[in-house]
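Line order of the protein sequences matches chains A and B.
Here numbering that gives the first Met the number 0 is used: the first residue of the first sequence is 0, the next is one more, and so on.
Here numbering that gives the first Met the number 0 is used: the first residue of the second sequence is 0, the next is one more, and so on.
Number of protein chains: 2
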Amino acid sequence: MTRGVQELQDATDLIDELAARRLGVNRTDLRCLSRLTARGPLTASELAAAAGLTGGAATTAIDRLEQAGLVERVRDTADRRRVRVHLTGKGRADVQEIWGPIADDARAELLRFTVGELELIETFLRRALANQTRHAERLRGGIAAP
Amino acid sequence: MTRGVQELQDATDLIDELAARRLGVNRTDLRCLSRLTARGPLTASELAAAAGLTGGAATTAIDRLEQAGLVERVRDTADRRRVRVHLTGKGRADVQEIWGPIADDARAELLRFTVGELELIETFLRRALANQTRHAERLRGGIAAP
DNA sequence: CCCGATTGCTTTGACAATCTAACCCTTAGA
DNA sequence: TCTAAGGGTTAGATTGTCAAAGCAATCGGG
Numbered sequence: 000m001t002r003g004v005q006e007l008q009d010a011t012d013l014i015d016e017l018a019a020r021r022l023g024v025n026r027t028d029l030r031c032l033s034r035l036t037a038r039g040p041l042t043a044s045e046l047a048a049a050a051g052l053t054g055g056a057a058t059t060a061i062d063r064l065e066q067a068g069l070v071e072r073v074r075d076t077a078d079r080r081r082v083r084v085h086l087t088g089k090g091r092a093d094v095q096e097i098w099g100p101i102a103d104d105a106r107a108e109l110l111r112f113t114v115g116e117l118e119l120i121e122t123f124l125r126r127a128l129a130n131q132t133r134h135a136e137r138l139r140g141g142i143a144a145p
Numbered sequence: 000m001t002r003g004v005q006e007l008q009d010a011t012d013l014i015d016e017l018a019a020r021r022l023g024v025n026r027t028d029l030r031c032l033s034r035l036t037a038r039g040p041l042t043a044s045e046l047a048a049a050a051g052l053t054g055g056a057a058t059t060a061i062d063r064l065e066q067a068g069l070v071e072r073v074r075d076t077a078d079r080r081r082v083r084v085h086l087t088g089k090g091r092a093d094v095q096e097i098w099g100p101i102a103d104d105a106r107a108e109l110l111r112f113t114v115g116e117l118e119l120i121e122t123f124l125r126r127a128l129a130n131q132t133r134h135a136e137r138l139r140g141g142i143a144a145p
C-alpha cells in the first residue's frame, strides 16, 4: 500500500523527466511551466516564489524558456519594473499535448468509481497528507523523536 | 482528487528535502540511501542503475555518503573488481530515525480502514499507476497524440 | 518638486553536481 | 601467457544554482 503510493510517485517522476526531455528543457524549467499553467501569468518574482527559486535562478530559467519559445516576457505598463511571464501559444500547445491526455484519462478513470468510493479515496488521501505534513513539521523543528 | 494526489506528492517532496538537510547530504545521495535501505547492499553499478546515475556520478555520491559516515565500501572477496556498498550502523540508525515514525504512523492510519476499503484504495492506486505508466510509454516513444 | 529609500529584475563570479571519456585493475577464455 | 571484457575510479567540460552587487523604476517625506 505504502509501496503503491511510492510507485505512483516514481512513475510521475518518470513522466516529468520524459516531458522535460521532450520539451528540451530541464526539470526546473518544467516546474516553472507547470506553475504558469496552473496559475496563469506571473511576475518574475512570483514565479520564483512559486517554483522555489532565488531571483537569479528564476531569471535564467525564464531566459531558457523564452529561448525555447515556450514563454514570453511582457513589461508591465503600469509598473515598468515588473515583468510578467506568460505562456506563448506554442507553450500552451506543448503543455496540452503532454498533460492533456493524462488528465483526460485520469478523469475517465475516476468516473468508474461511485461517489461513495471517491469520498473514501479522498479520505485516504487527506489522512496521508496530514501524516506527511505532521512529520514534515517534526523534521523542520529540531525534534529528533516524536 | 487529482489535486489531492498532487498535494501528497508535494508534501513527500518536502519531507525528502528536510531529511536530506538533516542528514547533511543532497537529494541524489538521499535517493541512494533510500535504495540501499529498500534493497540491501548493492554493488556500485547496481546502485547507479537503481538511482538513475552514471558510473562517475555514483562514485562521487558514494564518496560523499562514505564521508558522512552513512555507508561503507567493501571489496567483494570473490570478485575483487566489485565494490559492495552497504549502510553503516549510523546510516541505518539515521534512516530509521527519520522514516521509522512516518512508516509507523502510516501503518496505524491504514488500520483504521476495513479490509474492503483498503482493497478499494489499492485498486485506485493500481489504476492510477497503470495510467501514468501508459503515458510514460507514450512520451518515451515518438508518438505525439494517443 | 526632488532626492533618498525601496522594489523588481538582471548580471556576475563562485561553487556544486553531473556527464562523457579516458584509465586502471581484475577476471575469464583461447 | 596473452588478450578481451567487465567493474570501478578519475579528469575535463558542461550545466545549474546561489549570493551579492548592479541597474531602473517607483514611492514618499520634506
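All C-beta atoms in this analysis are idealised placements derived from N, C-alpha and C, irrespective of residue type, glycine included.
Remember, it's a predicted structure, so these values are computed and weren't measured experimentally.
- Taking one beta carbon from each stretch, the segment 123–136 of chain B and the segment 104–113 of chain A have 3 or more pairs nearer than 8 Å; the two touch.
- Taking all protein chains shown into account, residue 110 of chain A has fewer than 16 neighbouring C-beta atoms within 10 Å of its C-beta and is therefore exposed.
- C-alpha of residue 115 of chain B to C-alpha of residue 63 of chain B: approximately 46 Å in a straight line.
- Sorting B:21, B:2 and B:8 by C-alpha distance to the C-alpha of residue 137 of chain A places B:21 at the top.
- Going by DSSP, residue 4 of chain A is part of the alpha helix (DSSP H) stretching over 1–22.
- Sequence-distant partners of residue 15 of chain A (beyond 5 residues in either direction) whose C-beta falls short of 8 Å from its own C-beta, in its chain, are 26 and 29.
- A straight line joining the alpha-carbon of residue 12 of chain B with that of residue 5 of chain A spans about 12 Å.
- Interface annotation, residue 61 of chain A: not in contact with chain B, CB-CB separation never under 7 Å.
- Interface annotation, residue 95 of chain A: not in contact with chain B, CB-CB separation never under 7 Å.
- Annotation note: the segment 60–124 of chain A contains the following uninterrupted alpha helix (DSSP H) runs of length 4 or greater, listed N- to C-terminal: 88–110.
- CA-to-CA, the gap between residue 77 of chain A and residue 126 of chain B works out to about 49 Å.
- Put simply, the CB of residue 6 of chain B is near chain A, with a gap under 7 Å to one of its CB atoms.
- Closest in C-alpha terms to residue 34 of chain A, from the list A:23, A:51 and A:123, comes A:51.
- Within the segment 3–34 of chain A, the residues whose Cβ lies closer than 7 Å to some Cβ of chain B are 3, 4, 6, 7, 8, 10, 11, 13, 14, 17, 18 and 21, listed in chain order.
- In this structure, the alpha-carbon of residue 57 of chain A lies about 37 Å from that of residue 86 of chain B.
- Here the alpha carbons of residue 80 of chain B and residue 92 of chain B stand approximately 29 Å from one another.
- Cβ atoms of residue 83 of chain A and residue 42 of chain A come within 8 Å of each other, at about 6 Å.
- At a beta-carbon threshold of 8 Å, the residues of chain A lying near residue 134 of chain B are 14, 100, 101 and 104, ordered along the chain.
- Excluding its 5 nearest sequence neighbours in each direction, residue 71 of chain A has C-beta neighbours in its own chain below 7 Å: 65, 85 and 87, listed in chain order.
- Each residue's CA atom was taken as its position, placing residue 74 of chain A and residue 44 of chain A some 13 Å apart.
- Within the same chain, and ignoring the five residues on either side of residue 19 of chain A in sequence, the residues whose Cβ sits closer than 8 Å to its Cβ are 25, 26, 28 and 29.
- Residue state for residue 42 of chain B is assigned as strand, using DSSP reduced to three classes.
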